[in-house]
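J.:
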Amino acid sequence: MRPIRKGECESENTCHSTAARNIVIAAPAQKRLERYSQRLGGNGSSMSYGSLGFARTVTNPGSGGSMEIVRIAPDRRTAEEWVLVLVAEGIEAGLAQVEGGVAVTANADDVAQGRQVLDAFERESLAVHAEAEVPRPAEWGPTSLGVILAAGLVLFFLHTGAFNPDLVWFERGSAHSGPILRGEYWRTLTALTLHADLVHVAANAAACALFVTALSRALGPGVASVLLLAAGAGANALTAVVRGPGHDSLGASTAVFAAVGALASLAVARRRRARRSRRWQDFAPLAAGLGLLAMLGTAPEADFFAHLFGLGCGALLGAGAAWLVPRPPPLLAQGALAAFAAFAVVAAWLRALR
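Numbering-wise, the numbering used here comes out as the position in the sequence shown, counting from 1, plus 924.
Given below as structure tokens:
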């Protein structure tokens, strides 16, 4: 928008490891185990790889003295995985079948360290699985909404021409705060389609092709269209309230910043769904949106409040969309919403020119 100048069971019981010293470990696919297996060369354990598959044989030194339980695994595969981790850290480990599962055992002096090692490994495993198991949020897929809207902005500019306060388009369609506060709310929509000059419309058309396309890919063209119009109109209304009756502005950049805010909120929602814990880093996309506002929305001829409110309204509506619309609606609903958005703009102009 441009202003118009003016615990697990951890017993102390001991057991004697009668398991064979040759433990065959089925290597899991997780890459996080690779660094453990790479350490096995210099800690007194030998490792060989089968010619077929991913079987590994680990031979632990020792004579089979008194061993204590480090942890009890629910199944042998998990127990073997834990043994690999302990051996890689230089801790002699064995297996013993016990009631309730398979026990991972170690020398008494190594039990405390072994438990710490496995605790750290499990924390890392939870973080890996939390992100791997959460499915990517459903997206609508490729759309041309941003390009279509960008072309529409340029074509409408070619019809209205550059800003001229005496032309009916600008006289009745700009976001003039005074008339808006007196009830001419249609101006909050019509102003989004007007531009001051060729550079102004070209910049907004390019940004629209980029950010609106990304938003419509995530939510679908119908949902994205309604969200952008609602956020852009809301931002223009808030700007009118804050700036007072003497302010006048126009341009689609308010809606463009709304798209940036909505995309940031969708990214935050995706990050928070992908973790069991909540971290302040999850809000990095919103910080990126504010950075974009600082770089592009504070130019001397820019309407900072319109851009700020556009970003904020878009972020709020984007958060609502992430919660209320976890999956994009089907084609029929998208078409209906897109038609409603187009009708709203046409109706606003018909009311303005009446």
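Even for Gly, the Cβ is constructed at its ideal location relative to N, Cα and C.
Between which residues of its own chain and Leu1073 is the CB-CB distance below 7 angstroms, once the five residues before and five after are set aside?
T.: Cys1132 and Val1136
J.: In this structure, how does DSSP classify Gly1175 when only helix, strand and coil are distinguished?
T.: When secondary structure is reduced to three states using DSSP, Gly1175 falls in the coil class, being assigned neither helix nor strand.
J.: Considering Gly1018, what are the terminal residues of the beta strand (DSSP E) in which it resides?
T.: Ala1017 to Val1022
J.: Put Thr1117 into one of helix, strand or coil per three-state DSSP.
T.: DSSP places Thr1117 in the helix class (H, G or I) of the three-state scheme.
J.: Put Thr1067 into one of helix, strand or coil per three-state DSSP.
T.: coil
J.: Is it true that the CB of Asn1128 sits closer than 8 angstroms to the CB of Leu1187?
T.: no
J.: Among Ala1245, Ile993, Leu1113 and Asp1043, which has the Cα closest to the Cα of Asn1031?
T.: Ile993
J.: Would you kindly report the start and end of the unbroken alpha helix (DSSP H) that includes Glu1005?
T.: Arg1000 to Ala1012
J.: Looking only at its own chain, which residues have a Cβ that is under 7 angstroms from the Cβ of Leu1079, when we skip the five neighbours before and after it?
T.: none
J.: Let's test the definition: count the other Cβ atoms within 10 Å of the Cβ of Leu1277 and tell me whether it reaches 16, buried, or not, exposed.
T.: exposed
J.: Hey, quick one: how far does the alpha helix (DSSP H) through Ala1030 stretch, first residue to last?
T.: No alpha helix (DSSP H) contains Ala1030, which is instead part of the beta strand (DSSP E) from Gly1025 to Ala1030.
J.: Is there contact between the region 1233-1252 and the region 1178-1193, where contact requires at least three CB pairs shorter than 8 angstroms?
T.: yes
J.: Which of helix, strand or coil does DSSP assign to Arg1141?
T.: helix
J.: Using a Cβ-Cβ distance cut-off of 8 angstroms, determine whether Leu1082 contacts chain B.
T.: The chain labelled as chain B is not found in the depicted structure, where only one protein chain is given.
J.: Compute the beta-carbon to beta-carbon distance between Arg1000 and Thr1067, rounded to the nearest angstrom, for a pair I have assumed lies under 8 angstroms.
T.: Not really, about 50 angstroms apart at Cβ, beyond 8 angstroms.
J.: In or out: Phe1267 buried (at least 16 other Cβ within 10 Å) or exposed?
T.: exposed
J.: Tell me whether Arg1278 sits in a helix, a strand or coil according to DSSP, three-state version.
T.: coil
J.: Okay, do the region 1145-1160 and the region 1260-1274 touch, 3+ Cβ pairs below 8 angstroms being the bar?
T.: The region 1145-1160 makes contact with the region 1260-1274, as at least three CB pairs between them are under 8 angstroms.
J.: Applying the criterion that 16 or more other CB atoms from any shown protein chain within 10 Å of the CB defines a buried residue, is His1083 buried or exposed?
T.: exposed
J.: Can you tell which of Val1022, Val1007 and Ala1183 has the C-alpha that lies nearest to the C-alpha of Ala1155?
T.: Closest option to Ala1155, Cα to Cα, is Ala1183.
J.: Provide the residue span of the alpha helix (DSSP H) that contains Val1125, from first to last.
T.: Where Val1125 is concerned, the enclosing alpha helix (DSSP H) stretches over Leu1122 to Ala1131.
J.: Specify the secondary structure class of Val1249 as computed by DSSP and reduced to three states.
T.: Assigned with DSSP and collapsed to three states, Val1249 falls in coil, not helix or strand.
J.: Can you list, in chain order, the residues of its chain whose CB lies under 8 angstroms from that of Val1270, leaving out five sequence neighbours each side?
T.: none
J.: Which residue comes first and which comes last in the beta strand (DSSP E) that contains Ser990?
T.: Ser990 to Ala997
J.: Taking the beta carbon of Ala1245 as the centre, do at least 16 other beta carbons fall within 10 Å, making it buried, or is it exposed?
T.: buried
J.: Ends of the alpha helix (DSSP H) at Gly1102?
T.: Ser1101 to Leu1105
J.: Which first and last residues belong to the alpha helix (DSSP H) in which Trp1093 is found?
T.: Val1092 to Gly1097
J.: Between the alpha carbons of Thr1163 and Ala1230, how many angstroms are there, rounded?
T.: Straight-line measurement puts the Cα of Ala1230 at about 6 angstroms from the Cα of Thr1163.
J.: Any idea if Val1123 is buried or exposed, counting beta-carbon neighbours within 10 angstroms, 16 or more meaning buried?
T.: exposed
J.: Assuming the contact rule is C-beta atoms closer than 8 angstroms, Ala1120 and Leu1174 should be a hit. Round their C-beta distance to whole Å, please.
T.: 7 angstroms
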